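Comments concern the structure below.
Number of protein chains: 2
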Amino acid sequence: MDKTFPPAAPPEESRTPVRAAPTIRDVARIAEVSIGTASKALNAGGRLSQETRDKVLRVAGEIGYRPNDLAQSLHRAKSRTIGIISNDSFGRFTFPIVEALEERLADEKIAVFMCNATDDPARERQHVDQLLGKRVDGLVVTARRADKRPPIGPFAHGLPTVYVFSQADDPDALSLLPDDEGGAVLAIEHLAKLGRKRIAHITGPEHFEAVRLRKAGYFSALSAAGLAVIDGFYLSGVWSEAWGRDAVARLLTGQGPKPDALFCGNDQIARGAADALRESGIEVPSEVAIVGFDNWDVMTLAARPPLTSIDMNLKALGREAGERLIDMISGKRAGGVQRRPCSLVVRESSEGEAGTQRELE
Amino acid sequence: MDKTFPPAAPPEESRTPVRAAPTIRDVARIAEVSIGTASKALNAGGRLSQETRDKVLRVAGEIGYRPNDLAQSLHRAKSRTIGIISNDSFGRFTFPIVEALEERLADEKIAVFMCNATDDPARERQHVDQLLGKRVDGLVVTARRADKRPPIGPFAHGLPTVYVFSQADDPDALSLLPDDEGGAVLAIEHLAKLGRKRIAHITGPEHFEAVRLRKAGYFSALSAAGLAVIDGFYLSGVWSEAWGRDAVARLLTGQGPKPDALFCGNDQIARGAADALRESGIEVPSEVAIVGFDNWDVMTLAARPPLTSIDMNLKALGREAGERLIDMISGKRAGGVQRRPCSLVVRESSEGEAGTQRELE
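One line per chain: the protein sequences are S and E, in this order.
Heads up, the first sequence is in the working numbering, so the first residue is 759 and it goes up one at a time.
Heads up, the second sequence is in the working numbering, so the first residue is 759 and it goes up one at a time.
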């Protein structure tokens, strides 16, 4: 048995070592707040006034309180485990995140409990209780979601928590998300550079925040490139190939101008659009160029022609979630919604033979 | 904090309760074997002669040794955790398994550590050491693999281990697998019942055991249905849509008879075949019926027409892996390769409008 792994929960007496260094009790006493408030302030948790938070941090600095001690005092035992909660099924968006996270934490010899709550609050509560019972050092919450979710209960209790590809309805919570708007801008800039002037956007349902952000990026990048916004060129529907085909049929049969490029909200829509164009005798990319979103190889590589797409860099996001969680467990403060850049991956659907798997940041 | 969850490792003194009931030491003494051998025999682990195994089990029965005590004595602490090791990436085959397993074990308040070893033996060893350090009660090993894998180290040490969608190169190990051959038989029987007489099989690479088993099922079911084996109608290639299109082109341009049905080794091949037929002006299913394999909705529902397919019931397999692991942790013996039935899911590609999501066992 590897001696570097202590048992998950050491005996009670070892959990509160005697030490000369200042403790959170000292911070709380001197700052004249409760230990809970000191915890929250030092760990970026809960709702506190900025004044209280600043005072606690100032005292902590003055008396030389080391943040590392915080994790010890908060959790007593460092179990070297964390829990990951997915609120819909683990699927193609969450598993690259989970995989990269697990890999990053394995480097620190931290093991990952996986819990699938399938959007059932009772199940989620049960999982969180169970994870607390196992004395996890932190939580990661992920999910493909249309919109914000209520924060996980224990966040308020100071348990380090990172939301990734998921956003808590709590301004103090740390959420790591892809920059959907920036991804859309990359797509439009790419098409504009190729000389396309009539770029349509076929996308998913607007109750997804990602759809609204990509739409904003589409319009702002058109404007930045000096391209006209054409009536009927923004089409919101569902996330399917069939919708991609239908939307192309609408664009082709309409009275107005015909597009010379399509920016699609996901790769399934883009694949359907490519099929519909080919079957209408329109050549991709020479007559109409296509850019998808997600860079899902099952779609991008099987499509005819293979699809240029926007990659959300989910593995990088998962790795960063691991790093940020380690930071929080070590006592660093973190919070707020943070968005990470997408990448453009160029294939034949926008550049023909020239576009063979070229990746641009 | 939920009081029903004890800390992961209770204090040392509680691990070896004093009791009047017979212990594994008694079994070993009376059977005249070592405690390790008694463990292996009772837990279906390791390599023992049938004679030794039978003797130990007979003694255990005679003195009223309760298998439940075995798990206690083997692991001392019941940590209510297990580890799941995937040896390739967690992907679309392993996720339904892992998800159902996690769900089943959550009912027993057992939490699941996930470890991705990415086919790196050093990484796997590190994960296993780490899991042993965490005192897991058992292991599940899963992966999409072409063939058998070496057994996980700790199996020989009596840690309950279930292989699911993965097979250990160890006759004593319990492996739960889908019945690939039976799945192929379901497909051919379905097509034969529809009156098809010239059924081709387009499939993946033969170094996959699943390909060899499905091929065997294809030939045996043709024979059972009194259908001829037609030269050139078995085509082994790769797992892609492009191969499905190429294989159809070969079948259509060949000198011999033309197929009236295709059984495809996966849904991607089937989707490519459906596209190639449509683009050659051949109607599916009236002229050529198609059955795929995997029942992967991303492919089956997006294909034109939607695909009839064989479902490996991976969620059921994952749930059963959880149940069998619980049994083994409780001291029940289990071993050998066990295959579970696939299902036929009928859609338009074989039955036209009639075939809308009918599921047949």
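Glycine is no exception: its CB is placed at the ideal position from the N, C-alpha and C atoms.
Keep in mind the model is a prediction, meaning the values are calculated, not measured.
Counting along the chain, residue 900/E sits inside the beta strand (DSSP E) bounded by residues 896–900. Taking 9 Å as the cut-off, the Cβ atoms of residue 972/E and residue 1019/E do not count as close.
Using a 10 angstroms sphere on the CB of residue 865/S, the tally of other CB atoms stays under 16, which defines it as exposed. Around residue 869/S, the beta-carbon contacts reaching into chain E at under 7 Å are 871, 888 and 892. Between residue 844/S and residue 880/S, the C-beta spacing is not below 9 Å. Taking one beta carbon from each stretch, the region 1058–1069 of chain E and the region 1080–1098 of chain E have fewer than 3 pairs nearer than 8 Å; the two do not touch. Taking a beta-carbon distance threshold of 9 Å, residue 1056/S counts as an interface residue toward chain E. Interface annotation, residue 898/S: not in contact with chain E, CB-CB separation never under 9 Å. In this chain, the alpha helix (DSSP H) harbouring residue 1011/S covers 999–1011. By the Cβ neighbour-count rule, residue 925/S is buried, with 16 or more other Cβ atoms within 10 Å of its own. Taken in chain order, the members of the region 1048–1077 of chain E whose beta-carbon sits within less than 8 Å of a beta-carbon on chain S are 1056 and 1060. Taking 9 Å as the threshold, the shortest C-beta distance from residue 853/E to chain S falls below it.
Around residue 1024/E, the same chain offers 997, 1051 and 1052 as residues with beta carbons nearer than 6 Å, after the five sequence neighbours per side are excluded. Collapsing the DSSP output to three states places residue 1096/S in a strand. In this structure, DSSP gives residue 865/E a helical state, which the three-state scheme calls helix. The DSSP-derived three-state label of residue 786/E is helix. Annotation: the region 1027–1067 of chain S contains the following complete segments of the beta strand (DSSP E) (minimum length 3 residues), in chain order: 1047–1051. With a cutoff of 9 Å on beta-carbon distance, residue 1075/S and residue 855/S are scored as near each other.
The C-alpha of residue 837/E lies about 11 Å from the C-alpha of residue 890/E. For residue 1069/S, the secondary structure class from DSSP, reduced to helix, strand or coil, is strand. Interface flag for residue 797/E against chain S is unset, since no Cβ pair is found closer than 9 Å. Between residue 1079/E and residue 898/E, the C-beta spacing is below 9 Å. Interface annotation, residue 881/S: in contact with chain E, CB-CB separation under 9 Å. Under the rule that a run must span 3 or more residues, the beta strand (DSSP E) segments found entirely inside the region 925–986 of chain S read 932–936 and 957–961. Within the same chain, Cβ atoms closer than 6 Å to the Cβ of residue 945/E are found at 1021, 1049 and 1068, the five residues on either side in sequence being excluded. Around the beta carbon of residue 953/S, a 10 Å sphere encloses fewer than 16 other beta carbons of the protein chains shown; the residue is thus reported as exposed. CA-CA distance, residue 1009/E to residue 1036/E, rounds to 14 Å. Cβ-Cβ separation between residue 1057/S and residue 1091/S: approximately 40 Å, too far for a contact (criterion under 8 Å). Any Cβ of chain S closer than 9 Å to the Cβ of residue 1024/E would place that residue at the interface, and such an atom is absent. The residue from 976/E, 1013/E, 922/E and 984/E with its alpha-carbon nearest to that of residue 851/E is 922/E.
When the five nearest sequence neighbours on each side are left out, the beta carbons in the same chain lying within less than 8 Å of the beta carbon of residue 1031/E are those of 960, 1002, 1003, 1005, 1006, 1020, 1022 and 1048, in order along the chain. DSSP lists 926/S as the beta-bridge partner residues of residue 907/S. At a cut-off of 9 Å between C-beta atoms, residue 961/E does not count as an interface residue with respect to chain S. Taking 9 Å as the CB threshold, residue 839/E lines the interface with chain S.
Of all residues in the region 1031–1045 of chain S, only 1033 and 1037 come within less than 9 Å of chain E when Cβ atoms are compared, listed by chain position. Per DSSP, the unbroken alpha helix (DSSP H) holding residue 815/E starts and ends at 808–820.
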